[in-house]
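This report refers to the structure that appears directly beneath it.
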Amino acid sequence: MSRVLMKGNEAMALAAIKGGCDAFFGYPITPQNEIPEYLSEHMAKEDRVFVQAESEVAAINMVYGAGGAGARVLTSSSSPGIALKQEGISYLAGSEVPCVIINVMRGGPGLGGIQPSQADYNQITRGGGNGDYHLLSYAPENLQEAVDLIKQSFDKADAYRNPVMIAVDGLLGQMMEPVDLERTPDSKQRERKEWATDGDAGRRGKANTIVSLHLDPNKLEEHNLALKEKYDRMVENEQRYERLETEDAELVFIAYGSTARIARSAVESLREEGYKVGMIRPITLWPFPENAFKKLPDTVHTLLTLEMSLGQMHQDVKIVNQGRYHLDLYARTGGVVPEPEEFIEKAKAILKKEDAA
Amino acid sequence: MSRVLMKGNEAMALAAIKGGCDAFFGYPITPQNEIPEYLSEHMAKEDRVFVQAESEVAAINMVYGAGGAGARVLTSSSSPGIALKQEGISYLAGSEVPCVIINVMRGGPGLGGIQPSQADYNQITRGGGNGDYHLLSYAPENLQEAVDLIKQSFDKADAYRNPVMIAVDGLLGQMMEPVDLERTPDSKQRERKEWATDGDAGRRGKANTIVSLHLDPNKLEEHNLALKEKYDRMVENEQRYERLETEDAELVFIAYGSTARIARSAVESLREEGYKVGMIRPITLWPFPENAFKKLPDTVHTLLTLEMSLGQMHQDVKIVNQGRYHLDLYARTGGVVPEPEEFIEKAKAILKKEDAA
Amino acid sequence: MAAKGRILIEEDRCKGCGLCIEPCPVDILALDESRTNKKGYTPLYVTDPEQCIACSFCAMMCPDNVITVERFKKA
Amino acid sequence: MAAKGRILIEEDRCKGCGLCIEPCPVDILALDESRTNKKGYTPLYVTDPEQCIACSFCAMMCPDNVITVERFKKA
Amino acid sequence: MTEEKVIIAGFGGQGVMLMGQLLAQAATHEGMHTTWFPSYGPETRGGTANCSVVFDNHPINSPVVSVPDSLLILNHPSLAKFQGKLKEGGVLVVNTSLVEEKDLRDDVRIIKVDANQKALEIGNLKVANMVMLGAYVKASGIFSRESLLKVFKERFTGEKQKLLEMNTRAFDAGMELAAD
Amino acid sequence: MTEEKVIIAGFGGQGVMLMGQLLAQAATHEGMHTTWFPSYGPETRGGTANCSVVFDNHPINSPVVSVPDSLLILNHPSLAKFQGKLKEGGVLVVNTSLVEEKDLRDDVRIIKVDANQKALEIGNLKVANMVMLGAYVKASGIFSRESLLKVFKERFTGEKQKLLEMNTRAFDAGMELAAD
Amino acid sequence: MNSDTVYRPKQGLTDREFHYCPGCTHGIIHKLVGEVLTEQGLIGEAIGVASVGCSVLNYVYFDCDMQQAAHGRAPAVATGIKRVRENHAVFTYQGDGDLASIGLAEAVHAAHRGENITVIFVNNAIYGMTGGQMAPTTLIGQKTTTSPFGREKEGTGEPLRVSELLATVPGAAYLERVSVHDPKHVRKAKKALEKAFDTQMKGKGFSLVEFISTCPVNWGIQPRESLDWAVENMIPYYPLGVFKDPEKEEEDD
Amino acid sequence: MNSDTVYRPKQGLTDREFHYCPGCTHGIIHKLVGEVLTEQGLIGEAIGVASVGCSVLNYVYFDCDMQQAAHGRAPAVATGIKRVRENHAVFTYQGDGDLASIGLAEAVHAAHRGENITVIFVNNAIYGMTGGQMAPTTLIGQKTTTSPFGREKEGTGEPLRVSELLATVPGAAYLERVSVHDPKHVRKAKKALEKAFDTQMKGKGFSLVEFISTCPVNWGIQPRESLDWAVENMIPYYPLGVFKDPEKEEEDD
Ligand SMILES: Cc1ncc(C[n+]2csc(CCOP(=O)(O)OP(=O)(O)O)c2C)c(N)n1
Ligand SMILES: Cc1ncc(C[n+]2csc(CCOP(=O)(O)OP(=O)(O)O)c2C)c(N)n1
Ligand code: SF4
Ligand code: SF4
Ligand code: SF4
Ligand code: SF4
Ligand code: SF4
Ligand code: SF4
Ligand SMILES: [Mg+2]
Ligand SMILES: [Mg+2]
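Residue numbers (our numbering), protein chains in the order written: chain X, 2 to 358; chain B, 2 to 358; chain U, 34 to 108; chain P, 34 to 108; chain A, 9 to 188; chain V, 9 to 188; chain S, 523 to 775; chain D, 523 to 775.
As structure tokens, this is what we get:
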């Protein structure tokens with residue numbers, strides 16, 4: 002094990018290289034600038050492709066081109082930049098071009114601010130673009146997990162021929178902590194993508210096309226149903242989550258990413274004080290880890306969603322819940338990073354009320 | 002009453018004029034082209050502003066400018082074009098600039114097709130852009146309702162200082178039917194908007210600014226909470242829906258827009274055959290009409306969502322439901338318009354199963 | 034005068050646009066107004082095949098890949 | 034030589050960038066390296082006020098609105 | 009009246025959209041509920057074109073017609089596409105100039121109209137659609153001749169006024185053909 | 009060791025970010041868990057700059073420090089902003105060259121370092137941060153001198169190697185000052 | 523009698539019939555692209571990018587790998603492709619709405635970076651696919667569905683000349699405007715395409731051939747008259763010629 | 523002694539201190555805009571559009587109505603404003619990343635439509651706000667955080683000259699490139715701004731003044747030396763001068 006101290010954005014960039022990323026296309030935006038900056042140097046050194054696009058719109062369409070041509074492609078941005086990419090992301094999903102997108106979220110709406118936020122949950126999990134599609138979305142809680150997931154994400158993208166979104170916030174992007182870049186293996190040699198428009202029509206003896214257009218609605222429906230079948234497989238196989246101290250919990254936090262990290266402190270403190278508190282930490286935002294909510298112990302009476310947005314993930318908790326538990330929400334927004342004490346206080350208030358009831 | 006036969010898109014365009022629309026900015030895209038085409042002629046004749054922008058991105062930012070300067074502004078587009086507008090819509094919401102957006106939905110994802118669809122439900126109700134914001138969204142089921150709602154929507158936009166989305170599909174945009182343009186009054190004289198950047202700093206004695214940027218996260222959170230307070234008021238006051246034959250229903254359809262229109266036939270046929278079927282028709286997609294689900298009779302056992310997308314609205318039904326009823330979904334997508342017979346068959350199958358159980 | 038070559042017309046591809054007609058230097062092309070092809074268009078025909086000089090102008094102007102041009106070899 | 038005018042320096046706005054210094058035709062501007070203003074910058078000062086010709090060059094070049102220039106009226 | 013659902017189909021340029029709109033317009037004048045819905049494509053590039061029209065005394069739900077009561081067929085490919093959908097005993101008005109009669113169903117009421125021929129006689133192939141329309145109006149009996157002529161007058165104004173007479177003639181010819 | 013949370017604050021250009029990174033780097037070498045988190049703004053335009061560093065033998069949750077165990081203050085505005093957050097009995101290392109001593113809390117352990125003065129003596133105002141760092145390392149006792157010097161050697165390579173000696177001297181001077 | 527085929531259609535093209543309106547010159551331009559790719563031996567390894575416009579479906583016509591791009595973004599898509607498939611011929615095929623309106627930034631920036639791609643730019647002074655709206659290239663006085671009174675300078679400006687604009691961008695290596703209204707010009711247009719692909723394959727940078735094209739349906743003019751209209755109205759405003767030539771530049775150096 | 527104030531700062535500006543880095547010429551340009559608006563009597567009725575870049579906060583500095591636009595879209599926002607407030611002076615203030623990169627299409631199309639607005643374009647050859655990344659205007663050889671080896675022609679192209687590009691657009695009425703590196707040029711720059719607003723108020727169309735500006739922090743050069751760097755490196759590539767003048771055009775007519 003060799004741990005190196007790295008800045009989040011740089012660690013993620015390096016992880017992408019180790020995940021076999023052939024090409025990066027991006028546009029500067031705080032708080033993710035160290036990703037393109039790092040790659041502008043290191044992709045060149047590795048003889049791989051780095052292009053600073055003229056805009057986010059151009060960047061995502063370059064990703065579409067390079068991904069379509071069979072390369073492993075990365076782009077990164079932050080909230081308003083991701084909004085600009087929505088049409089392109091819809092195209093990528095619709096024409097089944099794999100790629101990896103890192104979103105280092107900041108406060109919104111509009112230009113908003115540049116401090117950490119999770120208010121892109123909707124645009125990540127609901128596809129901010131048009132049509133019935135989904136992105137496989139990972140929300141790591143620390144740099145080690147980010148590195149491990151990013152390395153893997155290129156394989157996942159290829160396996161499903163679907164864009165993968167890595168959703169972190171400015172906190173993870175800007176912080177440093179030691180990471181072991183070799184904890185998980187680098188992505189292995191890959192096979193040629195036989196579907197790609199890589200200019201090998203001659204060799205193949207047939208031309209490939211990559212399109213999202215299907216003018217006949219029956220064909221388009223068929224295509225959508227085929228995509229759905231793929232999404233169903235993701236729901237089946239790709240849910241990832243952590244359950245922490247849920248065995249005898251009365252109150253279960255639901256939190257992801259940086260918020261989960263902070264919530265972890267709250268769980269520890271509360272447990273020390275004897276409160277029966279646990280946590281479900283979604284690692285995939287889409288598919289939302291419904292499985293984590295199965296077989297919770299009978300002691301549970303309340304699920305408390307903690308997030309840095311005004312209840313965006315809470316909607317998924319509601320969808321899963323279907324009346325089983327009391328639901329509550331503690332939300333900060335606009336770039337304010339909550340402190341463990343806030344969660345502790347909220348938890349105590351809930352537990353006290355329940356006791357009284 | 003004077004009914005005139007009009008094409009949906011043209012009727013909507015004319016309704017906007019009658020709603021006091023001062024300016025239109027848009028970009029061509031099927032199946033909404035008759036809106037800009039109609040307005041290119043008629044706005045000029047009324048000495049109002051019509052601009053064909055160079056792109057959807059430019060159009061939505063022109064809307065932001067003109068709306069910010071105090072005018073009543075309209076834009077229209079269709080699914081991929083709406084995706085491109087997401088950053089701009091997030092800005093409009095974030096800086097509280099009112100406007101009206103007509104979305105004549107078509108099949109997706111990506112370029113998709115041009116036939117009717119409802120697969121923008123997510124990008125309409127979840128804000129495809131970044132941050133915690135919402136659009137007041139209307140989904141009329143016929144041209145008369147579309148005309149009435151559009152006229153009104155400019156007042157609503159101004160009242161809440163928030164964008165309003167009119168969500169229809171290609172079916173409503175392309176069809177003709179008679180409408181009474183005077184059924185509801187035209188929008189009345191308006192007051193000067195004292196918050197607008199209309200160049201009247203001299204008169205006002207102070208300069209106005211319109212921004213969505215708040216670098217201090219505490220300020221941005223405050224701003225977000227103020228927006229939320231506004232959204233809460235919309236949830237309180239703006240839910241609109243129709244309940245059809247729910248009094249003794251066992252099975253309740255949930256459907257909006259064109260789908261509801263078609264479902265209406267199915268309800269009629271089923272009732273004729275003695276089946277106890279009713280319908281809840283959301284007229285506002287956001288706020289989703291939770292109130293419609295209150296005080297349903299005890300006879301109800303199943304809610305069946307019908308939509309032209311793979312269960313996007315169904316998520317809101319789940320959120321409202323919280324385990325009360327059985328839920329089921331019948332979805333077509335990709336531009337396929339369902340026929341009443343499909344709904345009838347599905348309904349019968351459900352009712353038969355329930356009987357057997 | 035013997036033909037220098039000939040054109041082959043894939044008639045059911047023809048859309049009757051007439052772009053090929055004017056460029057013909059020997060003026061032997063016309064639309065057959067007496068009938069329609071599978072598509073419903075009045076197709077191109079050669080009024081006087083003997084005159085064809087195989088210049089290919091017609092084919093170059095045809096937007097729909099209707100025309101192939103052959104030049105006869107001097108035996 | 035009597036001053037033709039003078040400059041007023043809003044010292045706590047000064048960022049010590051020095052853009053105003055070189056343009057002064059009579060070379061009477063410098064940064065006071067001996068102290069810092071509220072912002073923490075070494076502020077501008079006039080080395081020899083008597084020489085000022087009120088040409089405004091310094092003020093024109095100052096990016097931070099630090100300098101006002103006055104011309105004395107001939108009594 | 010009870011609901012009447014019509015599909016009108018031909019190829020682009022034959023004027024099927026207009027036919028449907030004229031009917032919907034007539035229905036509007038007579039206080040009926042009506043809907044018109046085009047099959048809209050990405051292009052105006054030939055191929056089949058069709059529209060659905062519905063009339064009713066009650067509000068109309070779906071403008072999409074799956075099982076028409078009447079079918080107006082202006083060319084052969086459209087016959088193949090739509091004939092099967094026509095309800096048993098429905099009205100089928102066919103342009104025999106472009107439709108092969110041997111393929112016609114035998115469980116529906118068929119009105120044969122040699123519309124292109126008739127239009128050429130009148131002086132312009134373009135009015136073949138009006139011949140068809142006249143035949144349908146006669147056969148269905150839903151609208152009066154006057155009702156349609158009123159709509160014609162509203163439509164053919166300005167530059168188009170010169171077309172009024174010829175269209176009326178074509179329409180009348182169609183009515184006559186159906187009366188036979 | 010138990011958790012140690014540090015905030016280092018000054019104005020942009022004083023090198024507070026680097027100080028935090030050097031500590032985090034030393035902690036990494038010693039196998040500790042550590043996090044470093046900058047307060048990042050839209051600009052590099054003066055004003056206050058600060059970072060939070062945490063060391064622990066256990067995995068660290070939040071990198072955001074609300075109640076620091078130790079505080080390194082390089083200028084006066086930073087004192088006003090952060091002093092109140094320092095936990096009772098915590099360590100407060102202050103750069104007395106730029107901080108007015110009268111405003112200091114009295115319920116914490118104060119290490120006064122005339123860092124600018126010392127740095128000027130050494131030959132470059134820029135190394136004032138290293139003086140501060142040395143003082144903290146001495147006062148906290150968490151890291152050995154060698155540990156930091158190893159990090160220095162890694163950092164000051166290539167063009168920057170010439171800075172190694174001066175920085176080491178400044179660091180040592182800081183350690184001495186804290187030992188007083 | 524023995525014979526040689528001196529003109530064989532569908533070179534570099536599939537057998538699929540074009541969906542274009544009768545007499546639309548998109549078809550002629552397709553043929554030229556197919557011929558040049560075939561003659562230069564590139565058809566088996568070329569990668570084309572279809573844009574959004576009437577030619578959106580050209581991925582079923584060109585007999586090489588094809589990727590369909592979002593409206594206006596073809597040059598960005600081509601950039602992505604070319605950067606990871608450096609040795610392949612990469613081209614876009616774009617209309618004037620696509621390239622000169624929504625996609626202007628992508629076109630200029632591909633040129634600006636000196637991307638080694640070839641852009642086939644079909645200027646028919648209108649949005650064909652969506653039913654004849656005004657394009658940035660629509661001529662003054664021209665009636666379209668969104669300029670019902672004819673385009674006026676006031677409010678909508680004067681038509682944009684894309685080749686002239688791109689000529690100011692250093693990375694643009696080869697730029698020519700051509701027409702296909704008669705066989706002579708078709709031949710010239712083909713030469714321009716040959717030079718453009720040549721420029722690309724020699725790594726000299728961005729190349730673009732602007733075609734003056736027709737839209738009989740939306741202009742409301744018969745196919746043959748449309749050619750005349752283009753000659754009489756478009757070419758005077760959009761003069762044919764070479765706007766940038768890498769060989770000339772080299773001479774100048 | 524009695525005195526006249528011959529230079530009063532903060533004209534047309536609020537009293538707020540600029541947040542710019544020491545010696546950043548954004549400040550000088552702000553002052554000129556404020557002065558011209560004040561002197562032309564427009565400050566009480568002008569509407570400005572702030573863009574995204576270091577100058578994003580200028581809505582707190584300019585003492586008139588201000589709307590903050592999304593990155594690159596200021597000319598579209600200004601179009602929206604101007605169309606509904608025809609008689610007001612409308613201007614945008616944009617950096618080179620904002621205008622020449624992400625917002626190029628919006629700038630060109632505002633010019634193309636002949637929008638009666640004034641664009642203040644601040645070219646500092648870098649993305650200042652985000653920490654010094656390469657801009658389309660970055661010079662060959664210039665090191666930035668995303669061109670760590672110095673900008674190379676190969677792969678990133680040669681710098682874009684915006685004024686020259688816009689000069690090809692008919693609707694652009696007045697275009698001038700100026701510098702603020704010494705008092706003489708500041709005075710000239712102010713003249714250019716006066717002409718630009720004059721062009722707008724006379725309804726002659728789109729006007730843009732390109733300012734050569736500095737970024738001491740991201741160039742890594744002291745403020746005074748930054749001015750020299752601009753003179754020695756930028757002006758040779760970006761020559762000062764008038765690229766379009768409505769009065770000249772009229773003479774030519
Ligand atoms: C984002 C987006 N906006 C708008 C459209 C609609 N659209 C399709 S083609 C087109 C214009 C095509 O015109 P042009 O590029 O000139 O091609 P032509 O059809 O004339 O060959 C438009 C606006 C779209 N598909 N996507
Ligand atoms: C959509 C979007 N993309 C990216 C950004 C990040 N961003 C902010 S300012 C800027 C560049 C500013 O550079 P420039 O326009 O040259 O202005 P300067 O700071 O140099 O004055 C960028 C990329 C953003 N805010 N929004
Ligand atoms: S090849 Fe030449 S001569 Fe022969 S038909 Fe064609 S154009 Fe006429
Ligand atoms: S150009 Fe081609 S399609 Fe047109 S008439 Fe001639 S052969 Fe037919
Ligand atoms: S006004 Fe002129 S002479 Fe006086 S200090 Fe300023 S630059 Fe020097
Ligand atoms: S130019 Fe202004 S800020 Fe800079 S040193 Fe001179 S007075 Fe101070
Ligand atoms: S609409 Fe115009 S451009 Fe499109 S295929 Fe038809 S003629 Fe050609
Ligand atoms: S970063 Fe550069 S452009 Fe921005 S304020 Fe500082 S010096 Fe000026
Ligand atoms: Mg076109
Ligand atoms: Mg800049």
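From the three backbone atoms N, C-alpha and C, an ideal C-beta is built for every residue, glycine too.
So which residues of chain P does residue i contact, with C-beta pairs closer than 8 Å?
i      : result
D/V528 : G38, A87, S89, V102, E103 and R104
So with CB distances below 8 Å, who are the chain S contacts of residue i?
i     : result
B/N34 : T652, G653, Q655 and T667
Exposed or buried, residue i, counting other C-beta atoms within 10 Å across all chains shown (16 or more means buried)?
i      : result
A/N175 : buried
A/K170 : exposed
CA-CA distance, residue i and residue j?
i      : j      : result
X/L307 : V/I15  : 26 Å
X/R162 : X/C100 : 8 Å
X/A17  : D/E698 : 45 Å
X/R73  : X/A160 : 12 Å
Which chain X residues are close to residue i, counting only those with a beta carbon under 9 Å from its beta carbon?
i      : result
B/V236 : Neighbours of B/V236 on chain X: none; closest Cβ ~12 Å, over 9 Å.
Keeping to the same chain, check which residues put their C-beta closer than 6 Å to that of residue i; ignore five residues upstream and five downstream.
i     : result
P/D97 : R46 and K48
V/T43 : V62, I68 and P71
Suppose the cutoff is 7 Å on Cβ atoms and the five residues either side in sequence are ignored; what does the same chain contact list for residue i look like?
i     : result
P/K37 : C85, I86, A87, R104 and F105
Below 8 Å CB to CB, which residues in the same chain sit around residue i once its five sequence neighbours on both sides are set aside?
i      : result
A/D115 : E96 and G97
Is the number of C-beta pairs between the stretch 343–350 of chain X and the stretch 150–159 of chain B that are closer than 8 Å three or more?
Put simply, the stretch 343–350 of chain X does not touch the stretch 150–159 of chain B. Fewer than three CB pairs are less than 8 Å apart.
So, does the stretch 53–65 of chain P touch the stretch 10–30 of chain A, judging by three or more C-beta pairs under 8 Å?
The stretch 53–65 of chain P vs the stretch 10–30 of chain A: no contact.
If contact is defined by three or more beta carbon pairs under 8 Å, each pair taking one atom from either stretch, is the stretch 647–656 of chain S in contact with the stretch 85–105 of chain X?
Remark: fewer than three beta-carbon pairs, one from each stretch, lie closer than 8 Å, so the stretch 85–105 of chain X and the stretch 647–656 of chain S are not flagged as touching.
Validate contact between the stretch 622–639 of chain D and the stretch 702–714 of chain D using beta carbons, cut 8 Å, 3 pairs
No, they do not touch.
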